[in-house]
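Those letters in the sequence shown? Residues -18 to 204, by the working numbering.
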Amino acid sequence: MNTNFDESALLGLFYDKEHFHEQICKPFTSDGYVCATETHRLILIKPELCKGEYAPGKLSVKRVINPDNIDITLTLAKLKKAIKKLSTVKEMEVVSPAVKCKDCDGDGEVEWEYVDTHGYTHLDYHKCPVCNGTGNEREAIMKPTGRMIPHKEAVIGIYEQKINAEHIVALCDAMELLGVDKVRYTASHSMGGNTFILSDGITVIICPNVAYTPGVWVNRKKK
């Protein structure tokens, strides 16, 4: 493994820089790890491998680490081959972030009040008339990176699990940054989390997708 990896780039693959929630928009420490997550994928790094300093977060990561049941080795080449079989779209990056609507505070909804003829007050929530329900005063300005990536709803099957392809792309990018050509994959059961052990000190956990049928399988459970 490359011990001089780009720490900022690696963590940046796993959190949402534009999100308003402080737990999701930056890395943090929890249960003895440096962590980053956008809620569906999570990276855990032992602090001794990191050079930066990160504030403690409120999220406990102990409950997302699953006991082993499935235990197989996947290669970077095999994962990338699966990604190439999927239909792709242009990857976009943020040039200028969105500006949150001040009237609805980014919720997209505002409270409406009505007093009837009997003097009773009625409250309800409706689409914000200022931002038209988008939650933004101005949308983010995007530009293509020049890279093609799987469609957001594309799904890859691994053993008996379904995983959004975008998370597998992030995993592959992490493996390349670390100079790792294979990963140990474990999962608790068909509905449990997916754990990818990149090294003794770096682990990635990805939530399964149960809604869509996989477009391609990497490894499939033998019937």
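Glycine included, C-beta positions come from ideal geometry on N, C-alpha and C. This structure is a prediction, so every number in the text was calculated from the model and none was measured.
For residue j and residue i, the rounded distance between their alpha carbons
i: residue 15; j: residue -7; result: 12 Å
i: residue 36; j: residue 196; result: 39 Å
i: residue 82; j: residue 24; result: 31 Å
i: residue 103; j: residue 93; result: 8 Å
i: residue 161; j: residue -15; result: 13 Å
i: residue 199; j: residue 59; result: 7 Å
i: residue 3; j: residue 86; result: 15 Å
i: residue 13; j: residue 177; result: 18 Å
i: residue 116; j: residue -1; result: 13 Å
Per-residue DSSP class, three states only, for residue i
i: residue 150; result: helix
i: residue 29; result: helix
i: residue 129; result: strand
i: residue -12; result: helix
i: residue 40; result: coil
i: residue 182; result: coil
i: residue 138; result: strand
i: residue 67; result: coil
i: residue 23; result: strand
i: residue 104; result: strand
Whether residue i touches residue j by CB criterion (8 Å)
i: residue 21; j: residue 153; result: no
Same chain, Cβ closer than 7 Å to residue i, neighbours up to 5 away in sequence not counted
i: residue 7; result: -4
i: residue 143; result: 136, 189, 190, 191, 193, 195
i: residue 34; result: none
For residue i: DSSP bridge partner residues
i: residue 73; result: 125
i: residue 57; result: None, per the DSSP bridge assignment.
heavy atom of the ligand ADP below 7 Å from residue i C-beta
i: residue 178; result: Of the ligands one can find in the structure shown there are none, so the ligand ADP has no counterpart to examine.
Close beta carbons around residue i, own chain, < 8 Å, minus the five adjacent residues each side
i: residue 73; result: 123, 124, 125, 126
Nonlocal neighbours in the same chain, by C-beta distance under 6 Å from residue i, ignoring five residues either side
i: residue 17; result: -8, -5, -4, 8, 24
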